Amino acid sequence: MYRQVPPHDPFGSLKFFFIDFGYNKIMSYYSHFGLIFHTCSLFLESYYMIENFSLDFFVKYGCAMTLMFYFIISQFVTIAIETLVHELEEESKLFFWHIDSLDSKLQRKILKKSAKTNRKYCLLWSPFAVLVIVLLPVWENLNESHLFPQVYESYFRIWSPVFYYVYVSTFPLLGYTAIRNPAIILYAVLNLDLQIVLLNQKILQISGDNDFECVRFQEKVTRNLCLCISQHVALKKWTNKFLKPMQKTIPVYSCLGVFCLVTIMFFILNNVNTNVSNHLKIRLLVSGICCSLILYTFSETGQLLVDTTGQVYNALVECPWYCWNIKNRKLFQMFILDSLKPLKIYWGGLVLDYSFGGSIIKTCCSYALVLYKLKNAK
């Protein structure tokens with residue numbers, strides 16, 4: 002029988018940075034403070050925008066305000082799912098299998114693949130660190146793209162520098178929070194993928210055991226089938242536990258993601274031939290890259306979930322079920338029927354996968370171009 006998971010985790014670097022570090026006591030206080038501060042600041046900026054509304058004014062500062070709204074929603078969701086994340090973590094320790102149950106060759110292959118995955122996402126998410134750096138006011142003041150400096154100056158007068166630097170000091174939190182929710186969900190699906198690999202190896206062991214003359218052969222098949230079925234059911238139950246809240250947040254993230262990408266693309270098109278500074282153009286470019294990476298992470302997570310949960314069926318069809326007794330055939334039939342339909346993240350009839358991400362990008366480009374033409378046609 003496979004052993005339960007020990008402290009070692011092939012994707013431990015993702016867990017440490019986005020769960021352990023993100024939910025420690027100091028970081029939790031910092032996150033709550035950032036959420037409250039930026040919510041109040043965005044309300045103040047919105048009020049100022051309404052009081053001084055004009056189309057050009059909105060076009061100039063609407064992009065930064067939209068991105069800040071995404072941060073607030075992401076931070077709220079991150080705080081809201083903290084209990085669920087810890088529950089899933091504790092439950093995984095009770096039934097997850099460990100790779101040391103495999104032979105050394107397969108262990109090395111899995112560890113090599115997981116190390117490659119860790120390096121891939123460290124490199125892929127590096128633009129978020131670049132975003133934090135380019136946003137810092139040491140390069141250029143933020144008045145050209147952000148509304149909060151003049152809002153603070155208008156409402157707080159001599160105290161405005163205090164609020165200004167508090168706002169700027171939260172930029173690292175902004176970059177961290179932007180990718181944190183997609184990273185947490187990806188970490189869960191990567192662990193599920195690893196467990197499915199281990200489950201498939203156990204199923205293949207059943208397929209490879211052809212000692213039909215052994216008296217206890219059928220009993221051994223029954224025992225292994227029951228073990229695999231119980232593990233598969235536990236994995237599906239564990240997966241559905243985090244998919245349910247995700248199904249509720251995906252519409253919000255999708256709509257907000259489209260809105261953010263459209264505003265960034267429109268802002269880039271609107272300022273590409275104007276006299277805005279090169280540093281602002283760099284900020285816009287990096288922001289657009291980060292938004293695309295968030296969409297890509299969500300899409301890859303959804304695609305990985307579909308591919309992973311569909312592998313069990315492929316492993317089962319290789320089993321020599323025709324050599325088993327009636328009891329084992331019934332167990333096999335139950336198992337294969339339960340694995341026919343892979344788990345998917347649905348929203349309005351759409352499945353979160355690579356094609357979904359591609360369609361979002363196309364839609365955003367179309368909307369941004371239409372808005373740009375409408376503005377220039379006035």
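For the sequence shown, position 50 (counting from the first letter as 1) is numbered 51 according to this note's numbering, and the numbering increases by one without interruption.
Backbone N, C-alpha and C define an ideal beta-carbon position, used for all residues, glycine too.
From a predicted model like this one, the values you see are computed outputs, not experimental measurements.
As computed with DSSP, W160 is found in no beta bridge at all. Per DSSP, the beta bridge partners of V352 are Y347.
K203 sits buried, since 16 or more C-beta atoms from the chains shown fall within 10 Å of its C-beta.
By the CB criterion at 9 Å, V313 and I186 fall outside the cutoff. Judged by their CB atoms, L136 and F267 are not nearer to each other than the 9 Å cut-off.
DSSP assignment within the stretch 20-107 yields no whole beta strand (DSSP E) run of 3 residues or more. Counting only residues of its own chain and dropping the five nearest sequence neighbours on each side, R181 has a CB closer than 8 Å to the CB of F19, G23, S75 and T79. Between V131 and V287, the C-beta gap is smaller than 9 Å, which places the two residues in contact. Rounded to whole angstroms, the gap between the alpha carbons of H39 and G63 is 15 Å. Contact between G35 and L174 holds, since their C-beta atoms are separated by about 5 Å, short of 8 Å. Below 8 Å, too few C-beta pairs join the stretch 116-135 and the stretch 256-266 to call them touching: fewer than three. In this structure Q232 touches L200 by the C-beta definition: roughly 6 Å separates them, less than 8 Å.
Contact between the stretch 49-69 and the stretch 87-98 is absent, with fewer than three C-beta pairs closer than 8 Å. Of the residues assessed, W325 falls on the buried side of the cut-off, its CB having 16 or more other CB atoms within 10 angstroms. In the structure shown, H147 falls within a coil segment according to DSSP collapsed to helix, strand and coil. Counting only the Cα atoms, S47 lies some 15 Å from S146. Across the structure, V133 and S32 are spaced so that their CA atoms are roughly 16 Å apart. Taking 9 Å as the cut-off, the Cβ atoms of V169 and Y49 do not count as close. I230 is positioned such that its CB atom lies no closer than 9 Å to that of F299. Pairing T364 with Q206, the inter-Cα distance amounts to about 47 Å. Counting along the chain, T310 sits inside the alpha helix (DSSP H) bounded by residues N279 to T310.
Taking C-alpha positions only, P321 is separated from P11 by approximately 33 Å. Taking C-beta separations shorter than 7 Å and ignoring five residues to either side along the sequence, the partners of P246 in its chain run I82 and L85, following chain order. The beta carbons of I100 and L89 sit no closer together than 9 Å. Here the alpha carbons of L370 and I361 stand approximately 14 Å from one another. Taking C-beta atoms under 8 Å as the contact rule, L344 and L306 qualify, at a distance of about 6 Å.
For A378, there is no enclosing alpha helix (DSSP H), since its DSSP letter is neither H nor E. Under a 10 Å Cβ-count criterion, F58 is classified as exposed, with fewer than 16 other Cβ atoms of the shown protein chains found around its own Cβ. The alpha carbon of W140 has as its nearest neighbour, out of L353, K342 and H280, the alpha carbon of H280.
Sixteen is the threshold: since fewer than 16 other Cβ atoms of the shown chains lie within 10 Å of the Cβ of R158, the residue is exposed. In the structure shown, the three-state DSSP call for W140 is coil. In this structure, K331 is the residue among A189, S42 and K331 with its C-alpha nearest to the C-alpha of Q219. The shortest C-alpha to C-alpha distance from L15 to any of L125, G303 and K342 is the one to L125. A Cβ-Cβ distance of about 7 Å is found for the pair L195 and I111, placing them in contact under the 8 Å criterion.
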